[in-house]
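A short write-up of the structure that comes next.
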Amino acid sequence: MKNLLKVMLSLVVAVTLVACGGEKSSDSITILSGDMNMDIYPYITNNAYDNNVRKAVLGSDGNAAVMYLGEDGEFYLNETITKSVETVENEDGSKTFKVEINPGIKFSDGEEAKAIDFISYYYFVGSQEGKEAGFSTSIFSLLEGGSEYLSGDADTISGLVATGDYTFEATYSAHNFPYYWESSLLAVYFPMKTTDLFEDGDITKAPLVSEVVDNISMPVGAGPYVVTEYKNDQYMVLEANEHYIGDYNGVKPSIEKINIKIAPMDTDMEQLLSGDGDYLGGVVETDKINAGLDADGIAYSTYLRNGYGALMFHSDMPIIEDVRVRQAMAYLLDREEFLEAFTGGYAELVHGPYGLSMTEVEESSVVPEELNSYDYDEAKVEELLTAAGWGYDKNGNEWKADGSDSNFRYNEAGEELKLYWNASESEYTDKLMAVVANTFPQAGINLVVDVTDFAPLLENYYNDAQLTISERKYSMFNMANTFASPNNPYAASYHSDYYGTSTNSLHINDPKLDELIDNVRFTDPDDREGYIAAWDEMQAYMNEQVYMIPLYSNNYHDFYNDKIENVVGTPFWTWGNQIHTWTIEE
Amino acid sequence: MVIYILKRLIQAVITLFIISVLTFGISRALPGDPLASYFDTSVTRGMSPDEVKEYREELREMHGLDDSYVDQYISWLDTTFIERDLGYSLSKKRPSSQVIGEALKNTIYLGGATFIFTFIVSVPLGIIAAVKKGTIIDDFIKIFTILGISLPSFVIGILLIYIFAGILGILPFSGMTEVGLNPEDGLEFYMSLGKHMILPMLTLGIPSIAYQVRYVRNAMLDCLSQDYIRTARSKGVSGSKIVMSHAFRNALGTVATLVVLSLPTVFNSGIITESIFGWPGLGSELLSAVTSRDNAIMLNIVMFYAFIAVMATILADIVLAIVDPRVKLR
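Residue numbers (the working numbering), protein chains in the order written: chain A, 1 to 586; chain B, 587 to 916.
Spelled out as structure tokens, the structure:
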């Protein structure tokens, strides 16, 4: 009650003093962010906005890790952190990476980070207590002894050990090799304070799960910034870590204080333009982009998304399993029209699972020039659907277009060409529906669209070893995807080794594609030419098979106060990767 | 009176039980696996189908998701009401009590301020509208109430943001305070809180004021047309005394009922309003819990709302009986 009275009183005063604005300090900036969980420990919850802070505070993604992710999307050795890496090929085909870190790497509390701190977090996450609390990461299936530790059959991870104060070894199982992106395997090692994770700082003792959860927003890290204050769902304050050793170039933070303010998407651009914030990243909405481009005092960087929005198919479902049906749908979907309607032109078309910023595209002789762009073509649709056996009407006569919305196609067995599409409630769905609303039924395809919440949509789409084909309903989903770095197609939706799980979310079971994927990932890391050739072949095949219809790849825009300098626009980084290199113009 | 209260409390328990069964049933019937909010798919990335199945089964067993709905319901009742543990938020990986506690405090700030503000404005407006019946002032208030009732809160919110934050730039767009301010900062914090609260409070308050003004006006008109008012007038009692001492005192029953029935609004600052203004209250948490199928949060918030609403109706009856001797509770 006392507080409420204070609030009422202050309201009255506030009404009279509304014009008093806050004073902006020259050594601080405000980042406008989407909703955060304020969970800065990795592998506990998964929110992209939290991840930005993790990069700045823990140094994940390169600022304090063994390897760093460059602005070109490639991984490089971080020599500030890593003294040396020796690779040993074992007799059983596994590989051991012997890593020596530099002395003098310090956490934000001033204590020195040792080798054990680079690996202990995986012991913590994979512990039975950690698993019970819902923590996990996929690393355990890659490391020797990882699965045994995760299942509780082993007390240690045999393939992940600290061998000295400044040395540790990571042994990856034979099934991972050869592996073109081999060096990226070491990118996941950055220091987390072992004494905060295990009783007495001993990884064989009890993990301090409840302590970590209680302190989930303020971990001690070795990254360029440290969390000094936060309020759930409102803001977070970062301050420069005075003990930070420097990034891979030795650069340390110049801006002393970073305020991260949660801003509703409805008004985030207005807040930037009014000076309530200094940086708003990843803008894709046409109105916001136009407003930002027109504003005075606002600079921007733009780059092509490393991913796309697409109509994804479950290619093991009846009807859609036939490549000719998928191709017919690609010819029937006017992607240019959709792209203009949905993105206002701030996007590009792609014709397969690639992003236009990828170095592979730059070097490719096939992508995108040689790929089929599936331009709108009714004659092709007719030809393909008839060839696929859908050339009959309800009465078994030859199907003929009559311009109606209910004249659907049938096959010889009298089955209707009926597809179930699961979509989420969004502008994306509305605009896509508008494009296909007439063309699909008029081409004889009975498209049944179920609009659901995102949670059931994800569950239906991923279908993580849950339902069999006969138990499933949907064969199409509108989704968006951002490629991981590195973009390993084996671990991304397409390989039959993971058929039926969320790893292969497109439910592809195609031996030819398996072979092409294997050619890509098994390329020797030093054979760039061979890698590009294999990648081209895989892209050409994916383009032909139409396991998804790519719809748009956004032109992302990052808008910021033009007093901020050194902002790099790249789809592979967010502000968390680079904020320590920013400066404020005096 | 005591028997009446006991009877109403028993009814309240039954009502809450029915609501709990319905809410629990709906939460389980919603499409979407609660486990989906527990881990993102990267957790099972790289696992074989058999490993994924095994992993999911283990987690389902761990959280009792394979038990029958009846068992799950009994277990939830037991944990919530006997052990007084609100459970674990699967999406936020934190105890639900933490998540709900923080949100509730923020909601009470906004809801409480709105509650007081609406009555401070609506009661005088209602009285003025009744006293000035048929005049231009009454017409103006009528237009305001019609607009207030008919405009959706998101329209009011966006209009207010557009005018006061966008064009005039005198009030903040969103949030609760400036970054870095805490109650320990004293007046500065409360000043900032007050400033951030004005627009969401108006958004919530305008429809409530419109609705309450009509009630107060009608109650006052009813009283002002009574014989005793005519008698008082003929005795030469002053106009203001008639309005305040005679008419308003008799209309107080309606106002008191309205106040008590509006009490739940202290704990409910609205899903839409909270979303538009980035106010981290119960409404935002409920929305996020529903979309992520976080049953622990969803059930507890809905039950909390139900409890407050049921209690408010009982309290309203009691208050009405106290302020209006004509009302007998049986």
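Cβ coordinates follow ideal geometry from the N, Cα and C atoms, glycine included.
Identify whether residue i lies in helix, strand or coil by the three-state DSSP scheme.
i: H557 (chain A); result: strand
i: T80 (chain A); result: coil
i: W535 (chain A); result: helix
i: I756 (chain B); result: coil
i: S158 (chain A); result: coil
i: D450 (chain A); result: strand
i: S357 (chain A); result: coil
i: K602 (chain A); result: Because chain A spans 1 through 586 in this model, residue 602 (chain A) falls outside it and cannot be assessed.
i: G396 (chain A); result: coil
i: P866 (chain B); result: coil
i: F75 (chain A); result: strand
i: R816 (chain B); result: helix
i: E669 (chain B); result: coil
i: S301 (chain A); result: strand
i: W181 (chain A); result: coil
i: A715 (chain B); result: helix
i: W421 (chain A); result: strand
i: G22 (chain A); result: The predicted model places G22 (chain A) with a pLDDT of 41, which falls under 50 and marks its position as unreliable; any figure quoted below should be read in that light. Of the three classes helix, strand and coil, the one that applies to G22 (chain A) here is coil, per DSSP.
i: I706 (chain B); result: helix
If residue i and residue j are in contact, beta carbons under 8 Å, what's the gap, nearest whole angstrom?
i: P635 (chain B); j: T501 (chain A); result: 5 Å
i: V546 (chain A); j: A330 (chain A); result: 5 Å
i: V220 (chain A); j: K257 (chain A); result: Contact doesn't hold; Cβ gap of about 18 Å is too wide.
i: L906 (chain B); j: T843 (chain B); result: 5 Å
i: A170 (chain A); j: L197 (chain A); result: Their Cβ separation, rounded to whole angstroms, is 18 Å, which puts A170 (chain A) and L197 (chain A) out of contact at 8 Å.
i: H580 (chain A); j: N102 (chain A); result: In fact, because the Cβ distance is near 18 Å, the residues do not count as touching under 8 Å.
Looking at residue j and residue i, is the spacing between their C-beta atoms short of 8 Å?
i: G281 (chain A); j: T574 (chain A); result: yes
i: T228 (chain A); j: E242 (chain A); result: no
i: G576 (chain A); j: V53 (chain A); result: yes
i: P224 (chain A); j: P253 (chain A); result: yes
i: Y166 (chain A); j: K114 (chain A); result: yes
i: E348 (chain A); j: L304 (chain A); result: yes
i: N422 (chain A); j: F477 (chain A); result: yes
i: F483 (chain A); j: G309 (chain A); result: no
i: I686 (chain B); j: I883 (chain B); result: yes
i: A902 (chain B); j: L868 (chain B); result: no
i: S708 (chain B); j: I792 (chain B); result: no
i: L746 (chain B); j: I727 (chain B); result: no
According to DSSP, residue i sits in a beta bridge with which residue or residues?
i: K231 (chain A); result: A:Y235
i: P207 (chain A); result: A:F198
i: P550 (chain A); result: A:A310
i: K226 (chain A); result: The sequence shown places Val at residue 226 (chain A), not Lys. BP columns for V226 (chain A) point to A:E239.
i: E564 (chain A); result: Note that residue 564 (chain A) is Ile in the sequence shown here, rather than Glu. I564 (chain A) is bridged to A:I584.
i: R680 (chain B); result: B:S675
i: S33 (chain A); result: A:I262
i: K106 (chain A); result: A:E112
i: V599 (chain B); result: Answer by DSSP bridge pairing: none, since V599 (chain B) is not bridged.
i: K257 (chain A); result: A:S28, A:E239
i: T789 (chain B); result: Looking at the DSSP assignment, T789 (chain B) forms no beta bridge with any residue, so it has no partner.
i: M783 (chain B); result: Looking at the DSSP assignment, M783 (chain B) forms no beta bridge with any residue, so it has no partner.
Buried or exposed: where does residue i fall if 16 or more other Cβ atoms within 10 Å of its Cβ makes it buried?
i: F667 (chain B); result: exposed
i: Q919 (chain B); result: As displayed, chain B neither begins before 587 nor continues past 916, which places residue 919 (chain B) out of reach and without an answer.
i: D725 (chain B); result: exposed
i: T30 (chain A); result: buried
i: Q597 (chain B); result: exposed
i: D153 (chain A); result: exposed
i: R642 (chain B); result: buried
i: E764 (chain B); result: buried
i: A716 (chain B); result: buried
i: Y172 (chain A); result: buried
i: Q128 (chain A); result: exposed
i: M236 (chain A); result: buried
i: M432 (chain A); result: In the sequence as displayed, the identity of residue 432 (chain A) is Leu instead of Met. Per the 10 Å Cβ criterion, buried.
i: F920 (chain B); result: As shown, chain B starts at 587 and ends at 916. That puts residue 920 (chain B) outside it, with no answer to give.
i: A379 (chain A); result: exposed
i: T817 (chain B); result: exposed
i: E871 (chain B); result: buried
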